[in-house]
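Asks:
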Amino acid sequence: MKLRILLLSILAFLAACNNNAENPVSESTFVPEAAPVAVVAEPIKPSITSDEAEAVAAAPREKVVNDTASAMHHTMAINDKPTIAEPTKPPLTPDEVEAAAYAAVAPQDTVVKETTYYDTTINGSVTLADVNETASAMRHIMTINGKPTRFTARAGHLVAYGSAAGQDPAGKSPEAAIFYTAYTRDDLPREKRPVTFFWNGGPGSASIWLHMGSWGPKRLKSDAPNIPASAYTKQPESFPFIDNEITLLEQSDLVFVDPPGTGHSTAVFPHTNRDFWGTDIDAKVVADFITRYNNMNNRQSSPKYLYGESYGGIRTPIVANLLEAAGTSRFDADPSGKPPVVLSGYILNSPLVDYTSACDQHDSMVSCAGFVPSYVMAADYFKKSTRTKESQADFLQAMKQYTKDVYTPIYNKYVINSKLTSNGEKFVETKEGIDFLASLAEKTGLDSKTWASNNLNVEPSVFRKNLIPGFNLGRFDARMKVPGLSEEELELADKQWEDSRDKYGSESVEFKRAQKFYWDGVQYYEADDYIEVAFLNQFKTYLPDFVNYHAASDYELSGDQANKNWVWKRAGQNSNNPVSIPDIQSALIYDPALKLLILHGYEDIATPGHQTELDLAGAGLSERIPVKWFEGGHMIYNTEVSRPLLKKTLDQYYLGAPYDQQAALVAQAAQQSKTISASQLMSAAAAN
96 MKLRILLLSI LAFLAACNNN AENPVSESTF VPEAAPVAVV AEPIKPSITS DEAEAVAAAP
156 REKVVNDTAS AMHHTMAIND KPTIAEPTKP PLTPDEVEAA AYAAVAPQDT VVKETTYYDT
216 TINGSVTLAD VNETASAMRH IMTINGKPTR FTARAGHLVA YGSAAGQDPA GKSPEAAIFY
276 TAYTRDDLPR EKRPVTFFWN GGPGSASIWL HMGSWGPKRL KSDAPNIPAS AYTKQPESFP
336 FIDNEITLLE QSDLVFVDPP GTGHSTAVFP HTNRDFWGTD IDAKVVADFI TRYNNMNNRQ
396 SSPKYLYGES YGGIRTPIVA NLLEAAGTSR FDADPSGKPP VVLSGYILNS PLVDYTSACD
456 QHDSMVSCAG FVPSYVMAAD YFKKSTRTKE SQADFLQAMK QYTKDVYTPI YNKYVINSKL
516 TSNGEKFVET KEGIDFLASL AEKTGLDSKT WASNNLNVEP SVFRKNLIPG FNLGRFDARM
576 KVPGLSEEEL ELADKQWEDS RDKYGSESVE FKRAQKFYWD GVQYYEADDY IEVAFLNQFK
636 TYLPDFVNYH AASDYELSGD QANKNWVWKR AGQNSNNPVS IPDIQSALIY DPALKLLILH
696 GYEDIATPGH QTELDLAGAG LSERIPVKWF EGGHMIYNTE VSRPLLKKTL DQYYLGAPYD
756 QQAALVAQAA QQSKTISASQ LMSAAAAN
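Numbering (the working numbering), first residue to last: 96 to 783.
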């Protein structure tokens with residue numbers, strides 16, 4: 096160890112003092128420092144520990160120079176030859192120290208040119224021997240908060256292994272080759288540097304939306320909710336690709352994960368992708384990948400976070416519970432000897448945590464009460480609601496109260512109890528019914544007739560088609576709109592869709608494209624698909640240009656096959672509507688200190704935030720898990736005005752201490768009673 100520290104110190108000195116040396120990282124985020132090296136046989140592992148990082152930082156230039164000068168004077172005295180000593184150079188600046196530390200430990204730029212085709216179709220698989228686990232690497236430097244920040248971009252596959260004795264000498268069973276892209280600060284001590292694993296939802300979606308839109312070092316600026324009229328009939332092919340000035344690299348290393356059948360991820364034979372298309376098995380293979388990544392990259396001691404979006408509200412809590420249940424039993428020995436960390440917390444971005452309570456997920460009569468506040472916020476965006484001078488946050492709170500005090504009691508009384516017609520009189524024709532429908536119309540922007548004809552329970556599909564005449568609104572972001580189709584146009588589009596299916600087959604790329612509804616040379620698409628073409632186009636060049644990864648197969652954005660063939664039913668459950676609330680509760684039993692955070696957009700009517708709040712309240716979790724609201728839709732981060740506040744919220748989350756159950760109990764009790772003494776409160780907390 097002492098020799099290693101000495102070598103790192105010398106490297107720090109040489110990197111800073113050699114005026115003829117090349118800059119250790121590229122000054123442009125797209126230009127590598129030097130010609131990439133050939134692909135190596137083993138995955139790259141970061142190698143710095145806190146002891147080594149501190150040693151590099153503690154090796155100022157003047158000490159090295161002074162030691163050199165002292166040795167020279169000693170030689171002069173022995174040889175009795177006059178020699179002019181080298182002039183003392185100024186000490187290293189903090190940036191020079193960081194540059195030297197990074198240069199000493201970061202991997203060299205490495206190009207990976209895949210020869211294996213990763214098949215993401217339903218029966219797709221790859222042999223274990225054909226999986227190349229070598230990660231590409233490219234060094235970068237960018238400015239974060241006015242400070243030069245060096246990081247490494249990597250991409251590649253790691254095989255997720257399950258525990259199944261007899262499958263191989265190590266008693267592990269290969270499950271899937273998981274494609275990931277990682278951004279790491281290799282110069283920072285691993286046990287102090289968090290690592291966060293990201294995925295989107297679907298199920299069947301790749302992580303490209305979070306990867307290219309949210310918190311990586313680069314992002315595509317799609318500027319939601321604006322859709323120019325020029326893009327009404329054709330999706331844009333590109334967006335501005337910019338440095339992400341508020342990347343989460345400031346707080347954590349970032350790993351974007353594609354589940355089997357998405358991105359470049361494929362099952363390992365004899366498995367097929369279909370084997371992992373189910374609520375439980377999907378979460379298991381993702382958890383197994385995380386374990387493998389941590390072991391391969393010596394991240395056992397790192398603080399660990401999960402970040403899931405949309406269906407990630409189901410996947411993420413299950414993954415967290417699996418990791419907590421396994422504890423450190425599947426950790427390899429950490430060479431650093433630092434204490435292991437199982438999980439520090441997780442973030443849910445626009446989640447759905449209970450399919451049984453979402454009114455648009457099944458045919459049974461389920462109240463859309465959790466959707467009503469989001470309908471109102473969308474109507475407010477189009478100036479079709481009742482907000483005046485109050486803030487959006489205050490208006491939202493008032494609409495939640497309206498839903499609780501007015502909408503839900505009437506819905507329960509007349510719809511749940513089948514009393515829309517009583518004694519020959521229709522509820523909607525009574526004074527109570529007329530007044531209620533008028534209040535709904537005033538707040539949501541939908542006319543009374545629409546509410547009445549939908550049994551007082553408007554689903555998102557109805558809201559989207561009726562709020563703005565002539566336009567269809569987005570489901571993910573109800574502020575976004577594209578022209579709607581007439582009945583005649585829909586018939587033509589459906590015929591084109593059917594003809595394409597018959598001609599090309601339902602699994603073909605051509606048919607998938609035809610699902611965008613071509614007719615007479617005009618393309619129709621949903622507002623939700625506005626960013627799809629540009630994100631895929633630019634991601635294809637991003638991987639080789641920014642990450643040094645060259646794929647041999649197409650990147651699968653979202654697996655329609657996965658969603659259609661998904662096994663929703665969980666073990667021990669009879670319902671096809673999964674719920675992750677029990678997994679949230681179970682993980683908190685394993686580790687009560689887990690930090691949890693939920694983020695929602697005002698105008699998201701795919702997974703509306705108030706429905707999440709109702710689900711948490713029903714499980715007694717409202718006080719335990721904060722839900723933060725922002726202007727925007729499902730992908731809040733695509734709304735420019737919300738990004739700074741969203742980042743501030745995430746900064747506070749990462750920098751915050753683990754959840755303190757006793758402190759929370761004390762605070763909760765203090766709110767409930769002003770007369771209880773502090774000592775009584777502490778006693779109550781201790782008893783719990």
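Built from N, CA and C at the ideal position, the CB exists for glycine as well.
Just so it is clear, the structure is predicted and the values come from calculations on it, not from any experiment.
State buried or exposed for LEU418, treating a residue as buried only when at least 16 other CB atoms are found within 10 Å of its CB.
Replies: buried
Asks: Give the DSSP-derived three-state secondary structure of LEU541 in the structure shown.
Replies: coil
Asks: I need the DSSP call for TYR644, collapsed to helix, strand or coil.
Replies: strand
Asks: By how many angstroms is the C-alpha of LEU631 removed from the C-alpha of ALA196?
Replies: 36 Å
Asks: Exposed or buried, what is MET237 when buried is set at 16 or more other beta-carbons lying within 10 Å of its beta-carbon?
Replies: buried
Asks: Whole angstroms are fine: how far does the CA of PHE334 sit from the CA of PRO312?
Replies: 16 Å
Asks: With C-beta atoms as the reference, is ASN368 less than 8 Å away from THR361?
Replies: yes
Asks: Are there three or more Cβ pairs, one per stretch, closer than 8 Å when the segment 436-446 is compared with the segment 476-484?
Replies: no
Asks: Would you report the Cα separation of ILE322 and PHE426, rounded to the nearest angstrom?
Replies: 48 Å
Asks: PRO434 to ASN669, Cα distance in whole Å?
Replies: 41 Å
Asks: Jot down the residue ranges of each uninterrupted beta strand (DSSP E) in the segment 195-273, minimum 3 residues, whole runs only, in chain order.
Replies: Along the segment 195-273, the beta strand (DSSP E) occurs as fully enclosed runs of 3 or more residues at 231-239 and 242-258, listed in sequence order.
Asks: Compare the beta carbon distance of SER831 and GLU286 with 8 Å and say whether it is the shorter of the two.
Replies: Residue coverage of the chain in this structure runs from 96 to 783, which leaves residue 831 outside it and unanswerable.
Asks: When you compare the segment 565-576 with the segment 528-536, are there three or more beta-carbon pairs, one atom per stretch, that lie closer than 8 Å?
Replies: no
Asks: Do you know offhand how far LYS399's Cα is from ASN549's?
Replies: 46 Å
Asks: So what does DSSP say about ILE337, is it helix, strand or coil?
Replies: Residue state, collapsed to three classes: strand.
Asks: What would DSSP say about PHE351, mapped onto helix, strand or coil?
Replies: strand
Asks: Closest to ASP281 by C-alpha separation, out of ASN339, ASN218, ALA194 and ASP429, would be which residue?
Replies: Taking only the C-alpha atoms, the option nearest ASP281 is ALA194.
Asks: What residue does the beta strand (DSSP E) around ILE563 start on, and which one ends it?
Replies: Counting along the chain, ILE563 falls outside any beta strand (DSSP E), and DSSP gives it neither H nor E.
Asks: Taking the DSSP output, what are the residues bridged to ARG314?
Replies: Answer by DSSP bridge pairing, in chain order: ILE337.
Asks: Do ASN295 and GLY422 have their C-beta atoms closer together than 8 Å?
Replies: no
Asks: Could you check the C-alpha separation between ALA464 and ALA232 for me, to the nearest Å?
Replies: When only Cα atoms are considered, ALA464 and ALA232 end up about 49 Å apart.
Asks: If you draw a straight line from the C-alpha of SER302 to the C-alpha of ALA248, how long is it?
Replies: 16 Å
Asks: My output table needs one value for ASN161: the three-state DSSP class, helix, strand or coil.
Replies: Legend: pLDDT at ASN161 = 37, less than 50; position of this residue unreliable, value from coordinates given subsequently. In the structure shown, ASN161 sits in a helix (DSSP, three-state: H, G or I).
Asks: Using CA atoms only, rank isn't needed, just tell me which of LEU349, ALA415 and PRO721 is closest to VAL380.
Replies: ALA415
Asks: What residue range is occupied by the uninterrupted alpha helix (DSSP H) comprising PHE490?
Replies: 487-497
Asks: Could you check whether the Cβ of GLU340 sits closer than 8 Å to any Cβ belonging to chain C?
Replies: The question asks about chain C, but that chain is absent: this structure has only one protein chain.
Asks: Is the segment 684-696 touching the segment 449-457 in the sense that three or more CB pairs, one from each, lie closer than 8 Å?
Replies: no
Asks: Assign SER300 to one of three DSSP states: helix, strand, or coil.
Replies: strand
Asks: Spatial neighbours of GLY728 within its chain, please: C-beta separation below 6 Å, excluding the five flanking residues on both sides.
Replies: PHE571, ASP572, GLY696, GLU698 and ASP699
Asks: Within a Cβ cutoff of 8 Å, which residues of the same chain sit near GLY261, ignoring the five residues on either side of it in sequence?
Replies: Its pLDDT being 38, under 50, GLY261 is placed unreliably in this model, and the coordinates cannot settle the point.
Asks: Can the beta-carbon of THR539 be found closer than 8 Å to that of TYR625?
Replies: no
Asks: Going by other Cβ atoms of all chains shown within 10 Å of its Cβ, with 16 needed for buried, is GLU485 buried or exposed?
Replies: exposed
Asks: Kindly list the residues whose CB is nearer than 7 Å to the CB of THR386, restricted to its own chain and excluding five residues on each side of it in sequence; keep chain order.
Replies: ARG425
Asks: Taking Cβ positions, are PHE364 and ALA271 nearer each other than 8 Å?
Replies: no
Asks: Give the secondary structure of ASN507 by DSSP, where H, G and I count as helix, E and B as strand, and everything else as coil.
Replies: helix
Asks: Can you give me the start and stop residues for the alpha helix (DSSP H) that LYS659 sits inside?
Replies: Per DSSP, the continuous alpha helix (DSSP H) segment holding LYS659 begins and ends at 655-659.
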